[in-house]
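Under this note's numbering, the first residue of the sequence shown is numbered 11, with each subsequent residue one higher.
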Amino acid sequence: MGRIVGVRFKPGGKIYDFDSGAFVLNLGDPVIVETERGLGYGTVARPPMEMAGEQRPEEGKTLKKVFRMATQEDLDQLQRNGDLEKIAYAQCIQYIDELGLTMNLFTVEATFDASRMTFFFTADGRVDFRQLVKMLVKRFHVRIEMRQVGIRNQAKMCGGLGRCGREFCCSSFMDKFDPVSIRMAKEQGLSLNPTKISGQCGRLMCCLTFENKVYQELKAEFPTMGKIVKTKTHTGKVIRLNYLQQRIALRLEDDQEVEVGLNEIIKH
């Protein structure tokens with residue numbers, strides 16, 4: 011029975027399964043693996059484990075294998091690739107300006123053997139980049155791919171710090187983007203000011219989804235806003251709810267405001 015190892019090609023990226031073969035691998039080990047585009051460099055993100063039934067590949071398909079452990083020569087190749095990517099980025103920016111294209115190039119990635127380069131960009135609409143590709147091929151003599159992505163993918167690939175002071179969730183540990191809605195902010199009692207609930211990408215913050223289920227469960231135990239409720243000493247209208255502290259603010263008949271615990275509410 012084979013052993014599966016999880017390999018990640020870039021920080022915060024998706025984890026892909028590979029056949030570890032006879033290699034003894036530990037978390038964080040650099041490895042060279044077989045991919046559809048040739049050999050690739052990655053790090054072990056999930057240690058090898060026996061292949062369970064549900065993890066077996068579909069019939070007719072086989073898992074790509076770990077080719078070998080990475081060496082110093084491979085690290086040197088990565089350094090050369092990084093230098094090439096910087097040169098390609100600057101050259102592409104120059105060509106974009108010359109052609110007057112309305113696109114925002116933000117990163118370039120080269121395959122491990124430097125036989126292909128992918129240029130990632132954002133744009134408001136479709137971009138005719140055929141002439142740009144011809145110019146890049148003539149300059150670098152490798153296969154060129156232009157890939158248009160969304161603004162959230164740009165934030166994930168570039169990384170940065172969020173308003174909380176921590177590294178972007180999408181670039182540090184998220185494998186995929188879950189749907190985020192303004193309703194989640196409402197249920198969590200957050201300000202609906204876009205500047206307060208939007209991330210650096212300009213979209214609703216991904217972290218709104220993390221605690222949404224907890225807030226939904228807590229909300230089910232609370233009275234709704236505007237409802238008249240009673241305690242042993244007060245009767246008033248619900249004007250504010252604090253789900254985490256289990257507190258409810260009431261406005262009494264004499265316009266006085268009081269705060270009571272959820273457990274003080276008399277349920278009928």
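Beta carbons are placed, not taken as given, at the ideal position from N, Cα and C, and that holds for glycine.
Taking all protein chains shown into account, do 16 or more other C-beta atoms lie within 10 angstroms of the C-beta of residue i, making it buried, or fewer, making it exposed?
{"i": "Gly70", "result": "Confidence at Gly70 is low in this model, with a pLDDT of 49, below 50, so the placement of that residue should be treated as unreliable; the coordinate-derived value is given next. When all chains shown are included, Gly70 counts as exposed."}
{"i": "Val118", "result": "buried"}
{"i": "Gln141", "result": "exposed"}
{"i": "Ile192", "result": "exposed"}
{"i": "Gly110", "result": "exposed"}
{"i": "Ile207", "result": "buried"}
{"i": "Phe220", "result": "exposed"}
{"i": "Ile258", "result": "buried"}
{"i": "Met215", "result": "buried"}
{"i": "Gln87", "result": "buried"}
{"i": "Gly209", "result": "buried"}
Taking the alpha carbon of residue i as the point to measure from, which residue in the options has its own alpha carbon closest?
{"i": "Ser30", "options": "Val17, Lys20, Val76, Arg18", "result": "Val76"}
{"i": "Pro57", "options": "Glu83, Asp27, Lys247", "result": "Asp27"}
{"i": "Val239", "options": "Ile275, Phe19, Thr45", "result": "Ile275"}
{"i": "Leu144", "options": "Gly172, Tyr105, Ala124", "result": "The identity of residue 144 in the sequence shown is Lys, whereas the question assumes Leu. Ranking Gly172, Tyr105, Ala124 by Cα distance to Lys144 puts Tyr105 first."}
{"i": "Val137", "options": "Ala124, Met113, Val147", "result": "Met113"}
{"i": "Asp39", "options": "Ile25, Glu60, Lys24, Met79", "result": "Met79"}
{"i": "Met156", "options": "Asn203, Cys168, Ala120", "result": "Ala120"}
{"i": "Arg153", "options": "Ser125, Gly169, Glu44, Leu202", "result": "Ser125"}
{"i": "Val54", "options": "Ala98, Ile25, Cys180, Asp86", "result": "Ile25"}
{"i": "Thr45", "options": "Phe122, Gly271, Thr241", "result": "Phe122"}
{"i": "Lys196", "options": "Arg149, Leu251, Cys179, His151", "result": "Leu251"}
{"i": "Leu73", "options": "Val15, Tyr253, Arg90, Ser181", "result": "Val15"}
Going by DSSP, what residues sit across from residue i in a beta bridge?
{"i": "Met156", "result": "Phe129"}
{"i": "Phe28", "result": "Val15"}
{"i": "Arg269", "result": "Checking the displayed sequence, the identity of residue 269 turns out to be Glu instead of Arg. Note: Glu269 sits in a beta bridge opposite Ala259."}
{"i": "Arg78", "result": "Ile42"}
{"i": "Ser208", "result": "Leu214"}
{"i": "Ile238", "result": "Lys247"}
Do you know offhand how far residue i's Cα is from residue j's?
{"i": "Gln164", "j": "Phe129", "result": "12 Å"}
{"i": "Gln158", "j": "Met235", "result": "45 Å"}
{"i": "Glu267", "j": "Asn273", "result": "18 Å"}
{"i": "Val17", "j": "Met184", "result": "15 Å"}
{"i": "Phe232", "j": "Gly160", "result": "39 Å"}
{"i": "Pro189", "j": "Tyr225", "result": "17 Å"}
{"i": "Thr245", "j": "Asp264", "result": "11 Å"}
{"i": "Gly175", "j": "Gly212", "result": "17 Å"}
{"i": "Asn36", "j": "Gly50", "result": "18 Å"}
{"i": "Gly22", "j": "Thr132", "result": "20 Å"}
{"i": "Phe19", "j": "Ile42", "result": "10 Å"}
{"i": "Arg1", "j": "Val34", "result": "The structure shown does not extend to residue 1, since the chain spans only 11 to 278, so no value can be given for it."}
{"i": "Leu200", "j": "Gln255", "result": "15 Å"}
{"i": "Met194", "j": "Asn222", "result": "6 Å"}
{"i": "Gly271", "j": "Gln198", "result": "18 Å"}
{"i": "Val147", "j": "Met127", "result": "10 Å"}
{"i": "Leu171", "j": "Glu177", "result": "4 Å"}
Specify the secondary structure class of residue i as computed by DSSP and reduced to three states.
{"i": "Ala55", "result": "strand"}
{"i": "Ile275", "result": "coil"}
{"i": "Asn36", "result": "coil"}
{"i": "Val147", "result": "helix"}
{"i": "Gly70", "result": "For Gly70, the predicted structure reports a pLDDT of 49, less than 50, and the residue's modelled location is therefore unreliable. The matter cannot be settled from this model."}
{"i": "Gly48", "result": "strand"}
{"i": "Thr219", "result": "helix"}
{"i": "Asn91", "result": "helix"}
{"i": "Glu231", "result": "coil"}
Is there a Cβ of chain C sitting closer than 8 Å to that of residue i, yes or no?
{"i": "Pro57", "result": "Included in the structure is just one protein chain, with no chain C present."}
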